[in-house]
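One structure is given below, encoded as structure tokens.
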Amino acid sequence: MMVILFRILLLAALLFLVYTMVQLAKDPKRQFNTAVENRSFYFEDNEDNPKRNFFITYKGAIFEGEKYVGATEESFEVVSITVSAKEPDRLTGMEREDLYFLEKEILIRYPHASIEWKYPMKTLLQRPFEKQ
Numbered sequence: 001m002m003v004i005l006f007r008i009l010l011l012a013a014l015l016f017l018v019y020t021m022v023q024l025a026k027d028p029k030r031q032f033n034t035a036v037e038n039r040s041f042y043f044e045d046n047e048d049n050p051k052r053n054f055f056i057t058y059k060g061a062i063f064e065g066e067k068y069v070g071a072t073e074e075s076f077e078v079v080s081i082t083v084s085a086k087e088p089d090r091l092t093g094m095e096r097e098d099l100y101f102l103e104k105e106i107l108i109r110y111p112h113a114s115i116e117w118k119y120p121m122k123t124l125l126q127r128p129f130e131k132q
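Going by the UniProt record's numbering, the first residue of the sequence shown is number 1, and it counts up by one from there.
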């Protein structure tokens with residue numbers, strides 16, 4: 001009887017451990033931090049909550065987008081987004097095309113929004129395009 005009880009407790013502990021590991025792997029903050037370390041693209045957002053800012057990581061840089069809700073022709077939507085760099089010194093190596101890529105990804109999620117880039121990204125986008 002004691003052996004069966006021990007096996008049941010051991011099985012329950014093992015299931016709890018597996019469940020905890022799966023939950024940890026699916027944690028958005030952990031996925032975001034991994035993307036920062038790997039210098040890959042990740043978009044962390046709660047689209048159901050327009051008051052909460054979103055975060056993007058791309059090529060090791062972290063961007064924060066502040067959403068503003070307004071009226072469109074049919075409903076209230078996010079109509080304006082201000083994007084700033086959390087750590088501007090990590091923007092080294094970013095090109096204009098990288099910012100266009102990020103803008104495209106934002107517009108996929110918020111098609112009615114106009115995007116305003118804060119300094120220093122705004123400076124890069126305002127410079128005349130030079131062919132190489």
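For each residue, glycine too, the CB sits at the ideal point set by N, CA and C.
In the DSSP assignment, Glu77 falls outside any alpha helix (DSSP H) and within the unbroken beta strand (DSSP E) covering Phe76 to Ala85.
DSSP, reduced to helix, strand and coil, places Thr123 within a helical segment of the structure shown.
For Glu97, the enclosing alpha helix (DSSP H) begins and ends at Arg96 to Arg109.
With fewer than 16 other beta carbons inside 10 angstroms of its own, Ala13 counts as exposed. Pairing Ser114 with Arg39, the inter-Cα distance amounts to about 26 Å. Of the residues Lys26, Arg96, Ile62 and His112, the one whose Cα lies closest to the Cα of Ile81 is His112. Residues Ala61 and Ile62 of the same chain have their beta carbon placed closer than 8 Å to that of Glu87, with the five preceding and five following residues left out of the count. In this structure the segment 64–74 does not touch the segment 1–18; the number of beta carbon pairs closer than 8 Å is below three. In terms of CA proximity to Pro50, Lys67 leads the group Lys67, Ala35 and Thr34.
Separation of Pro120 and Leu10 (C-alpha to C-alpha, rounded to the nearest whole angstrom) is 56 Å. Going by beta carbons, Val36 and Thr57 fall inside the 8 Å limit.
Phe41 carries a coil assignment under DSSP once its states are collapsed to helix, strand and coil.
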